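Below, the structure is given as structure tokens:
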């Protein structure tokens with residue numbers, strides 16, 4: 001039965017529901033059955049439907065192998081409630097479904113849910129947004145300084161671009177009023193750069209359909225990226241929002257079982273009682289750790305959880321989890337670390353007589369990690385899929401993305417240089433200017449277009465030389481991979497390669513001015529795992 005990936009976009013949960021419904025109606029085998037001395041044609045037994053649908057969900061790229069038989073039964077119950085199926089007497093809605101030999105059939109009416117057409121919002125979501133830094137007239141428009149150096153310089157406020165006309169203007173008109181970066185401006189930069197990266201990764205034209213940006217607090221992003229301990233776990237200014245001491249102690253006990261505390265009780269089943277204590281606490285929280293406001297965003301990330309998109313999904317989840325309130329992100333970090341530790345601990349006794357430890361971790365905590373404010377037909381299945389991926393890749397996902405921190409830091413530093421007020425005349429061609437940082441002020445001098453191009457090539461070549469050194473010295477790269485990447489580097493940048501290795505084949509040299517291309521790889525360091533705060 002063919003299926004396709006439901007890509008990120010609005011109403012993804014509804015599209016997934018329709019996709020499963022379509023596949024179930026098109027593929028479920030129907031035949032004649034006898035029940036209570038009567039024959040019923042074109043129907044199926046509940047147990048047969050559970051078998052068939054369970055196999056479908058486990059093999060479907062939108063759900064995955066972690067779907068359990070019990071979850072399949074729950075989905076069939078929702079099918080009956082929503083009139084996707086009915087019993088052979090035509091009953092549905094208030095009826096119940098069990099994993100037995102009761103007979104059901106498909107109704108003649110279409111069970112697909114309508115997908116709303118995009119329309120201008122009339123409710124609270126249509127409220128005017130607070131203008132961001134890029135929306136303010138006469139200020140800098142955001143562009144990545146690392147990828148668009150020249151474009152960024154060209155987007156300077158026209159008021160700063162006198163282009164050599166200052167000599168013929170009165171002294172009063174030569175004065176240029178520059179504004180300093182405020183705290184609000186810096187917050188806008190943190191928010192705008194993070195959301196721009198997220199939009200690029202998701203591959204959508206706008207985040208408005210999957211994220212209400214009123215709920216994006218730049219102070220959360222700043223806190224989550226700057227206030228972390230040596231293990232990469234968020235630290236809180238207000239300790240009242242932290243995990244209670246007894247919960248943290250219970251989590252440490254399970255994560256380090258059995259070597260955490262020699263004084264802990266040793267009666268049979270103690271570890272199960274501790275596990276229940278932890279799960280009860282997380283389910284007592286007022287809302288899931290990924291918050292109701294970000295539910296639609298995380299549902300859309302599920303569209304990236306494909307084998308060939310793993311790296312993209314990790315990067316997207318890195319950015320999405322930065323939007324969480326710091327207390328939620330900290331709880332999520334500690335919970336995922338505990339779950340991962342328990343799943344890999346061969347000394348941990350079985351916490352459930354019939355379910356494996358990993359499966360138990362995923363299905364126990366899925367509901368307290370992801371959920372919608374209103375009942376959603378696929379909530380449980382979607383949460384299982386996401387939590388399973390989070391647990392397997394928690395070290396990478398819940399670490400601080402250094403590339404983002406560098407991009408934000410460089411952007412703020414650049415704007416501070418060109419925004420500091422200076423007395424005197426401004427005579428700057430912003431498209432061809434080099435800013436020279438000074439102790440208190442930033443002075444600029446006009447340069448020619450040829451000088452600008454020369455400096456751009458020189459800085460780009462220096463970056464490529466540094467990349468080549470990383471390829472040669474990085475101990476985390478296997479020798480096979482190192483040779484492959486060096487060969488690729490030599491093909492793309494023959495001049496730079498030949499300068500580093502003069503004895504290399506000089507016939508590969510094609511041009512004195514190499515064409516600078518994007519970096520071949522990015523090196524990321526994985527933080528050491530620990531459950532300690």
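In UniProt numbering, the protein residues as written are 1 to 533. Glycine is no exception: its CB is placed at the ideal position from the N, C-alpha and C atoms. Model, not experiment: these values are computed from the prediction.
Classification of residue 239 by the beta-carbon crowding that lies within 10 angstroms, buried from 16 upward: Exposed.
Every unbroken alpha helix (DSSP H) within the region 23–69, with a cutoff of 4 residues, ordered by chain: If we require 4 residues or more, the alpha helix (DSSP H) runs fully inside the region 23–69 come out as 46–59.
For residue 284, collect the residues of the same chain with a Cβ closer than 6 Å to its Cβ; drop the 5 residues on either side in sequence, then sort them by chain order. none
Label residue 518 either buried or exposed according to how many other C-beta atoms from any shown protein chain fall within 10 Å of its C-beta, with 16 as the threshold for buried. Any answer about residue 518 is weak, because its pLDDT of 48 lies below 50 and its placement is not dependable; what the coordinates show is given next. By the neighbour-count rule (16 or more Cβ atoms within 10 Å), residue 518 is not buried but exposed.
Quick one: what's residue 104 bridged to in DSSP? 44, 87
Taking the alpha-carbon positions, what's the residue 476 to residue 345 distance? 26 Å
Kindly identify the DSSP beta-bridge partner or partners of residue 234. 228
Sorted by chain position, which residues of the same chain lie with C-beta nearer than 6 Å to residue 332's C-beta, five sequence neighbours on each side aside? 289
Roughly how many angstroms separate the alpha carbons of residue 103 and residue 388, rounded to a whole number? 34 Å
Measuring only the C-alpha atoms, how far is residue 205 from residue 365? 33 Å
Among the candidates 30, 50, 47, 49, whose CA atom is the shortest distance from the CA of residue 41? 30
Taking residue 219 as the reference, which of 326, 494, 457, 348 has the closest Cα? Taking residue 219 as reference, the option from 326, 494, 457, 348 with the minimal CA-CA separation is 326.
Among 276, 230, 234, 229, which has the Cα closest to the Cα of residue 247? 276
Can you tell which of 43, 225, 259, 255 has its C-alpha closest to the C-alpha of residue 108? Taking residue 108 as reference, the option from 43, 225, 259, 255 with the minimal CA-CA separation is 43.
Run the CB neighbour count on residue 501, radius 10 Å, all protein chains shown included, and call it buried at 16 or more, exposed below. Looking at its Cβ environment, which holds fewer than 16 other Cβ atoms inside 10 Å, residue 501 is exposed.
With 16 as the cutoff for other CB atoms within 10 Å, does residue 223 come out buried or exposed? buried
Apart from the five residues just before and just after residue 352, which ones in its own chain have a Cβ nearer than 6 Å to its Cβ? Only 360 meet the Cβ criterion.
Take residue 397 and list the residues in its own chain whose beta-carbon comes closer than 7 Å to its own, dropping the five residues that flank it on each side. 314, 317, 318, 321, 390
Give me the Cα-Cα distance between residue 471 and residue 493, rounded to the nearest whole angstrom. 14 Å
Residue environment, residue 401, which counts as buried when at least 16 other CB atoms sit within 10 Å: buried
Straight-line Cα distance separating residue 32 from residue 328: 53 Å
Leaving out the 5 sequence neighbours to the left and right, which residues in its chain are closer than 8 Å to residue 412 when beta-carbon positions are compared? Apart from sequence neighbours up to five positions away, the residues of its chain that approach residue 412 with a beta-carbon distance below 8 Å are 181, 186, 189, ordered along the chain.
Is residue 347 buried or exposed, if buried means 16 or more other CB atoms sit within 10 Å of its CB? With fewer than 16 other Cβ atoms within 10 Å, it is exposed.
So, at 6 Å on beta carbons, what are the nonlocal neighbours of residue 75 in its own chain, with the 5 sequence-adjacent residues on each side left out? none
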